[in-house]
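Below: the structure, in structure tokens.
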Amino acid sequence: MQEETARSAIDMFISAFNASDDSYVTALLSQALTSDVVFWGPLGRSEGIEAVERFVLDIRRHPAGTGTMVRCSAVDMPDEWARYQWVFTTPDGGPRLTGTDVVHLRRSLIDQIIVFAGEIEPSAS
């Protein structure tokens, strides 16, 4: 049951990267994150949905074009933290970014996110 709750919150978080319009990003994040979420990203620590929203919008506005973020592994929840792998691919086989996120949940919402991004690689043809 705990893994199902984590998977649901994670998939909602990922859906913000794939929203049809930037105006939907905040609403999607609000369904996945606590308002005081702590975000450990490539540029350090930040807090709040607005900080995560800036990160998501930066990824969505990749110079190669709007890409697609997908979870590419099961959600593994050995204790109170859940982890999963993801891949972000830009259109036309553009740069590909991979990584692993670790999240902590409180009341079925993500209250901490740690992003471990991998190397940018061209997508396999």
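Start counting the sequence shown at 26; every next residue gets the next number (this note's numbering).
For every residue, glycine included, the Cβ atom is placed at its ideal position computed from N, Cα and C.
Item, Value
"Collapsed DSSP secondary structure at S55 in the structure displayed", "helix"
"Among A89, I139, I135, F141, the one whose alpha carbon lies nearest that of T55", "Looking at the sequence provided, one finds Ser at residue 55 rather than Thr. Cα-wise, what sits closest to S55 is I135."
"Beta-carbon spacing of V128, W106 below 8 Å", "yes"
"D83 versus R132, A41, S33, residue with shortest Cα-Cα distance", "A41"
"Among S33, G118, V62, the one whose alpha carbon lies nearest that of E75", "V62"
"Bridge-paired residues (DSSP) for A107", "V128"
"For L58, the nearest candidate out of T123, E72, D46 (CA to CA)", "E72"
"For D117 and P88, the rounded distance between their alpha carbons", "13 Å"
"Candidates F141, L122, V100: closest to A34 by CA position", "V100"
"Cβ neighbour criterion (16 or more within 10 Å) applied to G90", "exposed"
"For V95, the nearest candidate out of R79, L122, R70 (CA to CA)", "L122"
"Where the alpha helix (DSSP H) through V81 begins and ends", "74 to 85"
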